[in-house]
Structure formats: structure tokens, C-alpha cells
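>
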Amino acid sequence: MASESGTNETPEAEAAPQQPLLKVVNANATPEEIAAIVAVFSAIGSGEAAPAKRPVSQWSANARKARVTRPHGLGGWKASSLPR
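Take the sequence shown: its letters are residues 1 to 84, numbered as in our numbering.
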């Protein structure tokens with residue numbers, strides 16, 4: 001059941017102590033240095049997978065621009081317009 005505040009959290013989850021994610025070892029670290037480290041770790045552990053590569057369309061493939069030999073002989077003119 002939801003409490004009156006509208007959350008579904010259990011009391012056990014609220015009472016569990018949280019461990020710090022980062023611990024500053026250098027006492028002389030500036031806030032800018034700490035912010036840079038936090039930004040790097042946030043970017044590394046973002047959890048987003050790389051988007052899947054889309055297949056390259058063969059319509060714009062460079063191989064289509066290469067000159068190919070056309071069918072020759074009887075009916076070659078008709079076969080030249082047919083798809084390869």
C-alpha cells in the first residue's frame with residue numbers, strides 16, 4: 001500500500017545506510033578538480049548502450065559508380081536496362 005505521501009518505499013529501504021560513491025583522498029583537491037572527476041565517472045558509468053549502426057544503403061554505395069560491362073550480343077540493349 002502507498003503511504004499518504006504517495007511513495008511506495010518501505011521503511012527498510014529508508015533505514016539502510018548509504019555508502020559514499022566517491023572518497024576524496026587528497027585534502028588539497030579543489031572543487032573544480034572534484035567536479036571534473038565526478039563528470040568523468042558520470043560519463044563512463046552512464047549505462048547507456050551505444051546506438052546500433054544502421055546498415056549502409058546500397059543506393060549510395062561507391063561500387064555502383066564503378067563502370068561495369070554491359071551485356072552484349074543479341075538482346076543486349078534490352079538486358080542493359082534490367083536490374084543487376
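Note that beta-carbon positions come from the ideal geometry of N, C-alpha and C, so glycine has one too.
Can you grab the Cα-Cα spacing for the pair Ala61 / Pro20, in whole Å?
Along the sequence shown, read from residue 1 onward, the residue named residue 61 stands at position 61. Along the sequence shown, read from residue 1 onward, the residue named residue 20 stands at position 20. If you take the alpha carbons of Ala61 and Pro20, they lie about 52 Å apart.
> Helix, strand or coil, according to DSSP, for Ala79 in the structure here?
Looking up residue 79 in the sequence shown gives position 79. Here Ala79 sits in helix by DSSP.
> Rounding to the nearest angstrom, what Cα-Cα distance links Ala43 and Ile37 in this structure?
In the sequence shown, the residue the question calls residue 43 occupies position 43. In the sequence shown, the residue the question calls residue 37 occupies position 37. Rounded to whole angstroms, Ala43 to Ile37 spans 10 Å at the Cα level.
> Which residues bound the alpha helix (DSSP H) around Val38?
On the sequence shown, residue 38 is found 38 positions in, with the first residue counted as 1. Per DSSP, Val38 belongs to the alpha helix (DSSP H) from 31-44.
> Does Ala50 come out as helix, strand or coil in the three-state DSSP assignment?
If you number the sequence shown from 1, residue 50 lands on position 50. Taken through DSSP and simplified to helix, strand or coil, Ala50 comes out as coil.
> Given 7 Å as the limit, tell me if Ile44 has its C-beta closer than that to any heavy atom belonging to the ligand NAD.
Summarising the ligand content, the structure contains no ligands, and the ligand NAD is consequently not present.
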